[in-house]
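Chemist: Structure provided below as structure tokens; questions to follow.
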Amino acid sequence: MLLQKSISIKLVSFGLITSILLTGCTSGASEESSSSQEKSDKTLRILTNVVGGKDPEEQDLFEKEIERLTGIQVEMDKPPADYDQKLLASMASGEKYDLVYLTKPMLDILVDQNVLTDLTDNVNDSEILSDSNIIADEEWDLVKTEDDKIYGVFNKFEGGTLPTVRQDWMEKLGLEQPKTLEDFYTVLKAFKEQDPDGNGKDDTYGLSTAGLYDIQGFMSAAGVKYRYIIDEEGKRTIPYATEAAVPVYEWFAKLYKEGILDKNFATNDSGKMRELFLTDRVGMVTYWDAWVGLFNNIATTENPNTEFVAKGIPGAEGQDGKIMLRRGDPSLWSVPVNAENPELAIDFLEFWHSEEGNILGSLGIKDNDFTVTDGEYELTETGVEHGMDHGAPFPSNRQFENPIGVYPGVEEAQKVILDNKATVEVSTADWPAAEKIVTNYAFKAMMGEMPAKDAVKQMNEELSQADLID
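Residue 340 in our numbering sits at position 336 of the sequence shown; the count goes up by one each step and never skips.
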């Protein structure tokens, strides 16, 4: 699961709009689906990021598998890097794709530029896409525009981020699941001081993060959310830059001073943080719900007799008793207005949300990633390496049950995200600039380099001066 960067509207020039519109709008994706014979005479061009094979050879197999399952010939363009830049450049040049992969922040930008097809009628007219048992109504609410239009259809179910704890350490030390910020302190302090790994050395941290990614589970105690809050009048505020966040910054400063918080948290990347967790160096991290299962799978694969157990838990309760967690930005498929085969694009999207499409997006390619014998599914060695992830490890289809099963702990972690009604964060074109200021002063407060109140005050002043908040 990669964190997509917000792309400034300023990057999408007038030339992008002109080139796409001049290429010629189709009659829309609302045309009736073609017959199987007609499909075979056309090629569906797809610009994709995470969906597909794990290498060029498997990518070719992936395309052939789609054709075997649907009769649709596909050509998938999967750039090796800088995907968002490739998407923008391709659309600006007038290159024609029938489907493009993007995330909600990018969708918002391209909708504003009038370069994506309105798919509202297509979704409503589709027995598959409009079925609330497949895609829940509340999921569509995450991606609808202000005028209730749909310009993107889900690629997969996006979970969220939450505190992930070494549950075996919790049980070994006789600790209860924390609820308040003070409870979290008690647990993290025990991880630091009570030798949970049993090696007789003072070499464990209570908590590690990859910078501010993602401390939302602790900011929940103050009832503040990362990125922007925009009111009905369009006024922008950044809750992490308000006085409400000060007590949480002070809490982090206490952890840092006492050596409970990983001293390298500000410079960690997610890989370093994961390594600390998997090698018994830290008792809690903040990461994606899907990684709860991956942590457990990696640990047991390396050592079948390991005591390692990762568990996703709710964040700290606010004064109202509620927990405020982060939901990931939805990943979507959209149809550009210059698509040559919009009807095939809809056919593909219906397939993608069917059981066969769900299996392809998760398990992968039959006889390459998995085999089926007398109805029993089994991963091949290649399939094990690929981790049941070919772009949609957790399909949006609520009726789908992975025939292999899922990794231990992941369903419980996803339930935490859904039960607490985690919401997506709000970005704007200005967020990358604002984030630099927020991060700079948040780190100073968390490491005790500045009193939290002073850091927040300075944060606000710089954000205001740069016209990044109202």
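Note that beta-carbon positions come from the ideal geometry of N, C-alpha and C, so glycine has one too. If you're wondering where the values come from, they're calculated on a predicted model, not measured in any experiment.
Alpha carbons only, please: which of 351, 398, 344 and 349 is nearest the one belonging to residue 368?
Modeler: Position 364 of the sequence shown, counted from the first residue, corresponds to residue 368. The shortest C-alpha separation from residue 368 is found at 398.
Chemist: Expressed to the nearest angstrom, what Euclidean distance is found between the alpha-carbon atoms of residue 427 and residue 325?
Modeler: Here the question's residue 427 lines up with position 423 in the sequence shown. Here the question's residue 325 lines up with position 321 in the sequence shown. For residue 427 and residue 325, the distance between alpha carbons rounds to 17 Å.
Chemist: Under the three-state reduction of DSSP, which class applies to residue 291: helix, strand or coil?
Modeler: Position 287 of the sequence shown, counted from the start, is the residue given in the question as residue 291. Note: residue 291 maps to strand in three-state DSSP.
Chemist: Cα separation between residue 181 and residue 174?
Modeler: Translated into positions along the sequence shown, residue 181 becomes position 177. Translated into positions along the sequence shown, residue 174 becomes position 170. Spanning the two alpha carbons is a distance of roughly 8 Å.
Chemist: Ignoring anything shorter than 3 residues, give me the beta strand (DSSP E) runs that lie fully in the segment 55-84, in order along the chain.
Modeler: Qualifying beta strand (DSSP E) stretches, in chain order: 77-81.
Chemist: Which residues in the same chain have their Cβ closer than 8 Å to the Cβ of residue 461, if we skip the five residues on either side of it in sequence?
Modeler: Within the sequence shown, numbered from 1, the residue matching residue 461 stands at position 457. Cβ neighbours of residue 461 beyond the five flanking positions: none.
Chemist: Counting pairs of beta carbons, one from the segment 195-205 and one from the segment 338-348, are three or more of them closer than 8 Å?
Modeler: Verdict: no, contact absent.
Chemist: Which word fits residue 403, buried or exposed, when buried means at least 16 other C-beta atoms lie within 10 angstroms of its C-beta?
Modeler: To locate residue 403, count along the sequence shown from 1; it is residue 399. It is exposed - the Cβ of residue 403 has fewer than 16 other Cβ atoms within 10 Å.
Chemist: Please tell me whether residue 2 and residue 390 are closer than 8 Å, where the distance is taken between their beta carbons.
Modeler: This structure cannot speak to residue 2, because the chain is shown only from 5 to 474.
Chemist: What did DSSP end up calling residue 34 once you bin it into helix, strand or coil?
Modeler: Within the sequence shown, numbered from 1, the residue matching residue 34 stands at position 30. Confidence at residue 34 is low in this model, with a pLDDT of 42, below 50, so the placement of that residue is unreliable and no value is reported for it.
Chemist: Need the endpoints of the beta strand (DSSP E) that residue 387 sits in, please.
Modeler: For this step, residue 387 is matched to residue 383 along the sequence shown. Here residue 387 belongs to no beta strand (DSSP E); instead the alpha helix (DSSP H) covers 385-390.
Chemist: Can you name, in chain order, every residue of its own chain whose Cβ lies under 7 Å from the Cβ of residue 228, other than the five neighbours on each side?
Modeler: For this step, residue 228 is matched to residue 224 along the sequence shown. These residues qualify, in order along the chain: 243, 244, 246, 248 and 249.
Chemist: Flag this pair as yes or no: are the beta carbons of residue 474 and residue 231 separated by less than 8 Å?
Modeler: For the purposes of this step, residue 474 is taken as the residue at position 470 of the sequence shown. For the purposes of this step, residue 231 is taken as the residue at position 227 of the sequence shown. Contact: no.
Chemist: For the putative contact between residue 449 and residue 253, defined by C-beta atoms under 8 Å, what is the C-beta separation to the nearest angstrom?
Modeler: In the sequence shown, the residue the question calls residue 449 occupies position 445. In the sequence shown, the residue the question calls residue 253 occupies position 249. Going by Cβ atoms, the distance from residue 449 to residue 253 rounds to 4 Å, so yes, they are a contact pair.
Chemist: On a Cα-Cα basis, can you pick out the residue from 204, 200 and 430 that is closest to residue 235?
Modeler: Here the question's residue 235 lines up with position 231 in the sequence shown. Among 204, 200 and 430, the Cα nearest to that of residue 235 is on 430.
Chemist: Identify the continuous beta strand (DSSP E) that holds residue 374 and give its terminal residues.
Modeler: Within the sequence shown, the letter at position 370 stands for residue 374. Counting along the chain, the beta strand (DSSP E) containing residue 374 begins and ends at 374-377.
Chemist: For residue 25, does the three-state DSSP call read helix, strand or coil?
Modeler: In the sequence shown, counting from the first residue as 1, residue 25 sits at position 21. Confidence is the limiting factor: at residue 25 the pLDDT is only 41, short of 50, which leaves the residue's position unreliable, though a coordinate-based value still follows. DSSP places residue 25 in helix when its eight states are reduced to three.
Chemist: Cα separation between residue 292 and residue 165?
Modeler: By one-based count along the sequence shown, residue 292 stands at place 288. By one-based count along the sequence shown, residue 165 stands at place 161. For residue 292 and residue 165, the distance between alpha carbons rounds to 4 Å.
Chemist: Taking the C-alpha atoms as reference points, what is the distance between residue 115 and residue 294?
Modeler: Here residue 115 refers to the residue found at position 111 when the sequence shown is read from its first residue. Here residue 294 refers to the residue found at position 290 when the sequence shown is read from its first residue. Near 30 Å, if we compare the C-alpha coordinates of residue 294 and residue 115.
Chemist: What does DSSP give as the partner residue(s) for residue 51 in the beta ladder?
Modeler: Within the sequence shown, numbered from 1, the residue matching residue 51 stands at position 47. Residue 51 is bridged to 81 and 104.
Chemist: Evaluate contact between the segment 134-151 and the segment 203-221, counting only Cβ atoms and requiring at least three cross-stretch pairs below 8 Å.
Modeler: The answer is no - the segment 203-221 does not touch the segment 134-151, with fewer than three Cβ pairs under 8 Å.
Chemist: Am I right that residue 56 and residue 82 are in contact with their C-beta atoms under 8 Å? What's the rounded C-beta distance?
Modeler: Locating residue 56 in the sequence shown gives position 52, counting from the first residue. Locating residue 82 in the sequence shown gives position 78, counting from the first residue. Right, the Cβ-Cβ distance comes to about 5 Å (below 8 Å), so this counts as a contact.
Chemist: Taking 8 Å as the limit between beta carbons, can you name the residues of its chain near residue 442, skipping five residues before and five after?
Modeler: Start at 1 with the first residue of the sequence shown, and residue 442 comes out as number 438. 216, 242, 244, 245, 463 and 467.
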